[in-house]
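Okay, so here's the structure we're looking at.
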Amino acid sequence: MNAPHAPAATSSHPAAPGRRRLLLAGAGVAAAGAGAGLAWWRLQPEPVVDGAAEALWGQSFDTPGGGSLAVASLRGKPLLLNFWATWCPPCVEEMPMLDAFHQQHAGRGWTVLGLAIDQPSAVRQFLGRTPVRYPIGLAGLGGTELGRSLGNITGGLPFTVVFGPDGTVRQRKMGKLTPADLSAWASAS
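The working numbering puts the first residue of the sequence shown at -17, with every later residue one more than the last.
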C-alpha cells in the first residue's frame, strides 16, 4: 500500500515573496533618493570669497595663440566664464553649445570666456582639432584656485560663472551646462 502524501508545506505568509520584493524596491528607491540628494548637495557652489569677483577683473591670461587677454577688457557686458580642461569629457561636450551661445548672443553684448585648467600644449592641440570662436585663456593650475575663490571648493570641472554687466556674480553652476541653463541666463540679463 502506498502511504498517503502529506500536503505540501505552505507558508503562513502567502505574500511573503511579494512583500520582500516590495521592501527591497522601497529600499532601492530610498537609496537612490539619498544618492541624488547627496549629489545635488555636492554640486552646489559654495559662497564666493569676498573680493574674488573683483580680483578676477584685474587678471590677465595668456592665450593659445601667444597673446594676452586682460579680463578687464570684458567688463561692462554679461560674461559667461567657463572653467574647462581637454581631459574633461563634459567640458568638451559642452563647448559647441557654448560656441553657439557666444555667436547667438554677441550682438546683445554677451561674451563667453573659457579658462583652460590644463597644459598650454594640450589646449593648443585640442583647439587645433576643435576650434571655438570665443576667447580662451590659459589659466593652468592657478585657474583651480580662481575657481575655488568663486565657489568651486572641490575643483571639479566644468564650472561656470555668469557675471552681470556690473561685474558681479549672477549665476554659478557645477557640472555640464544645458541649453535650458543658457536660455534662462540669457533671458535674465
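Think of the CB as a built atom: it goes at the ideal place given N, C-alpha and C, for glycine as much as any other residue.
Inter-segment contact for the segment 138 to 157 and the segment 56 to 74 is present: three or more beta-carbon pairs are separated by less than 8 Å.
Per DSSP, residue 123 has no beta bridge partner at all. Around the beta carbon of residue 119, a 10 Å sphere encloses 16 or more other beta carbons of the protein chains shown; the residue is thus reported as buried. Membership of residue 81 in any beta strand (DSSP E) is not indicated; the residue belongs instead to the alpha helix (DSSP H) covering 71 to 87. Apart from the 5 residues on each side of it in sequence, residue 148 has no Cβ closer than 8 Å to any other Cβ in its chain. Judged by beta-carbon spacing, residue 35 lies beyond the 8 Å limit of residue 144, meaning their Cβ atoms are not closer than that value. By the neighbour-count criterion, in which 16 or more other beta carbons inside 10 Å mark a residue as buried, residue 38 falls on the buried side. For residue 105, the uninterrupted alpha helix (DSSP H) run begins and ends at 102 to 111, by DSSP. Of the candidates 1, 3 and 30, the residue whose Cα lies closest to the Cα of residue 130 is 30. Sequence-distant Cβ neighbours of residue 106 in its own chain, meaning closer than 8 Å and more than five residues away, are 46. The continuous alpha helix (DSSP H) containing residue 167 extends over residues 161 to 170.
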